[in-house]
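If you're matching them up, the sequences are chains E and P in order.
Taken in order, the first sequence gives residues 139 to 407; the numbers are from our numbering.
Taken in order, the second sequence gives residues 139 to 407; the numbers are from our numbering.
There are 2 protein chains.
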Amino acid sequence: MKRSNRLVVLTNFFLENPRKHIQLSYFVSLCSTTKSSISEDLDIIHAVFESQGLGLLHRTTGAGGGVSYIPENAEEHSDQFIRALCDKLADPERILPGGYLYMSDLLGDPKTVREIGRVFASKFAKLDIDAVVTVATKGIPLAYAVASFLGVPVIIARRDPKVTEGSSVSINYVSGSSRKIQTMVLPKRSLKEGTNVCIIDDFMKAGGTITGITNLLAEFNAEVKAIGVFAEADDDDEERKVESYTSLVKISSVDLNRKIIEIVPGNLN
Amino acid sequence: MKRSNRLVVLTNFFLENPRKHIQLSYFVSLCSTTKSSISEDLDIIHAVFESQGLGLLHRTTGAGGGVSYIPENAEEHSDQFIRALCDKLADPERILPGGYLYMSDLLGDPKTVREIGRVFASKFAKLDIDAVVTVATKGIPLAYAVASFLGVPVIIARRDPKVTEGSSVSINYVSGSSRKIQTMVLPKRSLKEGTNVCIIDDFMKAGGTITGITNLLAEFNAEVKAIGVFAEADDDDEERKVESYTSLVKISSVDLNRKIIEIVPGNLN
Numbered sequence: 139m140k141r142s143n144r145l146v147v148l149t150n151f152f153l154e155n156p157r158k159h160i161q162l163s164y165f166v167s168l169c170s171t172t173k174s175s176i177s178e179d180l181d182i183i184h185a186v187f188e189s190q191g192l193g194l195l196h197r198t199t200g201a202g203g204g205v206s207y208i209p210e211n212a213e214e215h216s217d218q219f220i221r222a223l224c225d226k227l228a229d230p231e232r233i234l235p236g237g238y239l240y241m242s243d244l245l246g247d248p249k250t251v252r253e254i255g256r257v258f259a260s261k262f263a264k265l266d267i268d269a270v271v272t273v274a275t276k277g278i279p280l281a282y283a284v285a286s287f288l289g290v291p292v293i294i295a296r297r298d299p300k301v302t303e304g305s306s307v308s309i310n311y312v313s314g315s316s317r318k319i320q321t322m323v324l325p326k327r328s329l330k331e332g333t334n335v336c337i338i339d340d341f342m343k344a345g346g347t348i349t350g351i352t353n354l355l356a357e358f359n360a361e362v363k364a365i366g367v368f369a370e371a372d373d374d375d376e377e378r379k380v381e382s383y384t385s386l387v388k389i390s391s392v393d394l395n396r397k398i399i400e401i402v403p404g405n406l407n
Numbered sequence: 139m140k141r142s143n144r145l146v147v148l149t150n151f152f153l154e155n156p157r158k159h160i161q162l163s164y165f166v167s168l169c170s171t172t173k174s175s176i177s178e179d180l181d182i183i184h185a186v187f188e189s190q191g192l193g194l195l196h197r198t199t200g201a202g203g204g205v206s207y208i209p210e211n212a213e214e215h216s217d218q219f220i221r222a223l224c225d226k227l228a229d230p231e232r233i234l235p236g237g238y239l240y241m242s243d244l245l246g247d248p249k250t251v252r253e254i255g256r257v258f259a260s261k262f263a264k265l266d267i268d269a270v271v272t273v274a275t276k277g278i279p280l281a282y283a284v285a286s287f288l289g290v291p292v293i294i295a296r297r298d299p300k301v302t303e304g305s306s307v308s309i310n311y312v313s314g315s316s317r318k319i320q321t322m323v324l325p326k327r328s329l330k331e332g333t334n335v336c337i338i339d340d341f342m343k344a345g346g347t348i349t350g351i352t353n354l355l356a357e358f359n360a361e362v363k364a365i366g367v368f369a370e371a372d373d374d375d376e377e378r379k380v381e382s383y384t385s386l387v388k389i390s391s392v393d394l395n396r397k398i399i400e401i402v403p404g405n406l407n
């Protein structure tokens with residue numbers, strides 16, 4: 139296989155298999171070429187990925203040495219993407235009765251969802267995460283997007299147990315904004331003891347749902363390494379229950395009468 | 139930018155932007171090169187994509203001419219992938235009380251979900267689909283995977299209306315297997331009149347849910363171009379309500395006593 143063909147094959151392979159550690163010998167036989175040619179190919183791909191803000195190829199040497207693709211958004215890409223999201227969300231047409239914002243169109247666009255996943259995965263790249271946990275239903279697409287860049291599975295907590303998921307562990311918790319008691323369940327076989335997880339959800343106000351998941355995960359001895367929410371809203375009446383989290387956008391205020399929405403970049407540090 | 143660098147940049151661009159029509163002049167300025175160089179690059183990428191079973195680059199000439207990437211799985215890839223899925227699903231450890239099969243681990247793996255999406259998107263590639271519709275919650279990841287390859291948005295019908303989605307249209311329907319009356323809602327602003335859609339779900343027995351979505355979509359004058367379900371189960375007691383559909387795997391029988399599951403490739407034609 140010629141270099142030009144190899145570059146297309148290898149680029150596709152890395153993009154489809156983030157964080158998967160591959161020995162160079164795999165590529166040598168895949169492309170019927172020499173180790174030194176593959177090594178030069180990897181240098182080219184690494185340089186382009188870095189210059190385009192797509193991440194990098196991480197090389198290890200020695201016995202069992204190889205390469206893995208670490209997708210990491212350049213910070214200016216993330217900032218630019220988030221500012222564009224804020225502009226879209228500030229459209230007064232989005233205001234719904236009760237002061238809610240219609241966001242289903244944005245969260246229904248696979249490309250936007252994928253970019254959101256890329257931003258979170260870049261933030262959480264060094265945290266050694268084994269699984270992404272979310273609660274049904276609006277966080278699900280975001281959780282898959284994050285998980286695909288981290289190369290880990292998604293585990294979904296639900297409001298009701300499902301007969302197709304076998305026995306489950308459930309907890310009751312108090313929803314922050316509605317002050318109602320809610321239930322959340324996780325199938326027993328979904329999570330091994332001692333897993334490192336990140337929690338992803340679409341929206342956080344007082345943080346009751348996130349606290350609920352955290353408590354449920356404690357039943358599995360899972361360690362919550364990071365929490366990511368797409369949008370957070372200020373909640374003056376409540377003290378926020380969750381302290382350490384990453385949010386992409388923050389809904390500062392929704393003025394129903396004057397139809398003005400104030401959206402700013404969230405808590406990315 | 140040198141050819142080797144351009145090939146990495148362009149391959150990444152096409153994989154991230156399936157079915158998006160791009161004029162060559164865009165790439166000419168992106169890569170600071172000539173139209174003829176870009177044209178040669180596209181020939182190389184097209185040849186590799188075809189030989190690897192990843193799809194093809196579709197070129198159009200004349201004013202407004204350009205190129206778009208059409209992801210299409212080679213049929214033998216799809217067949218191989220589906221046979222491997224059948225083997226995994228036939229593991230007797232998956233049997234749950236009531237004769238259900240545990241599939242959440244497979245559907246929680248982003249790479250498996252993406253491959254399932256690729257198979258459906260390849261099947262539906264020529265149908266001119268504008269949106270993918272699913273019903274919460276288990277079909278959601280599959281719907282996003284299909285939509286990302288078709289380059290279209292996802293629209294989610296729910297069991298209950300959500301305050302964050304505004305006014306909605308709802309229907310009641312009879313679930314085939316449980317004979318219970320269920321409700322399904324779709325936000326009013328989620329779907330324009332006359333949209334061409336495909337329906338994606340994880341599981342179909344008698345087909346009540348699919349029939350429910352179809353009826354709900356009729357309220358929006360949407361045209362259902364295709365129906366794709368991951369797994370179908372034989373239902374001896376019921377006549378199937380849905381006639382034309384694509385399924386990846388078929389659960390022929392689950393023998394609870396002898397712990398034998400019979401899974402075969404589904405209805406791919």
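Yeah, the Cβ is synthetic: ideal placement off N, Cα and C, and Gly gets one too.
Asked	Found
The region 186-196 of chain E / the region 204-222 of chain E touching (three or more Cβ pairs under 8 angstroms)	yes
Cβ separation of L148/E and I183/E, assumed to be a contact under 8 angstroms, to the nearest whole Å	6 angstroms
Straight-line gap, G204/E to S167/E (C-alpha atoms, nearest Å)	14 angstroms
R197/E at chain P interface by Cβ criterion, 9 angstroms	no
Listed by chain order, chain P residues near M366/E by CB distance under 9 angstroms	Just to set this straight, residue 366/E is Gly in the shown sequence, not Met. The premise fails here: G366/E is roughly 16 angstroms from chain P at the closest Cβ pair, so nothing lies under 9 angstroms.
From V402/E, R396/E and S391/E, residue whose alpha carbon lies closest to that of Y238/E	S391/E
C-beta contact flag for V354/E and A295/E at 9 angstroms	Note that residue 354/E is Leu in the sequence shown, not Val. Yes, these two residues count as a Cβ contact at 9 angstroms.
Nearest to G345/P (by Cα), restricted to the options V312/P, K363/P, K249/P and L324/P	V312/P
Counterpart residues of Y207/P in DSSP-defined beta bridges	L195/P
Own chain, CB closer than 8 angstroms to P403/E, minus 5 neighbours either side, in chain order	D217, I220, R221, C224, L386, V387 and K388
Helix, strand or coil at V284/E [DSSP, three-state]	helix
9 angstroms Cβ cutoff, A274/E in contact with chain P	yes
Residue range of the beta strand (DSSP E) that includes Y311/E	S306 to V312
Assigned secondary structure, L239/E (DSSP; H/G/I helix, E/B strand, else coil)	strand
As assigned by DSSP and simplified to three states, the class of T172/P	coil
Contact under 9 angstroms by Cβ, S286/E with P248/P	yes
Min CB distance F187/P to chain E below 9 angstroms	yes
Nearest-angstrom Cβ-Cβ length linking G280/P and D340/P, presumed shorter than 8 angstroms	Residue identity differs from the one stated: residue 280/P is Leu in this sequence, not Gly. About 6 angstroms; that satisfies the 8 angstroms criterion.
Under 9 angstroms between C-beta atoms of G304/E and P291/E	no
Where P248/P meets chain E, residues with beta-carbon distance less than 7 angstroms	Y282, A285, S286 and V292
Residues that I401/E contacts on chain P, provided the C-beta gap is smaller than 7 angstroms	Chain P residues near I401/E: none, gap ~15 angstroms exceeds 7 angstroms.
Whole-angstrom C-beta distance between I401/E and A228/E, which should lie under 8 angstroms	5 angstroms
Proximal chain P residues relative to Q190/E, where beta-carbon distance stays under 9 angstroms	V146, V147 and N150
Residues of its chain near T250/E, where Cβ-Cβ distance is below 6 angstroms and the 5 sequence neighbours each way are ignored	L244
Residues that DSSP places opposite K388/E in a beta bridge	E370/E and V402/E
Own chain partners of A283/E with C-beta closer than 7 angstroms, once the 5 adjacent residues on each side are dropped	V251, R252, I254 and G255
V323/P classed as buried or exposed, judged by whether at least 16 other C-beta atoms fall within 10 angstroms	buried
A369/P burial status per 10 Å Cβ neighbour count (16 or more: buried)	buried
Beta carbon proximity, I267/P to chain E, threshold 9 angstroms	no
Chain-ordered chain E contacts of E214/P [CB-CB under 8 angstroms]	The premise fails here: E214/P is roughly 17 angstroms from chain E at the closest Cβ pair, so nothing lies under 8 angstroms.
Interface flag, S328/E vs chain P, CB-CB below 9 angstroms	yes
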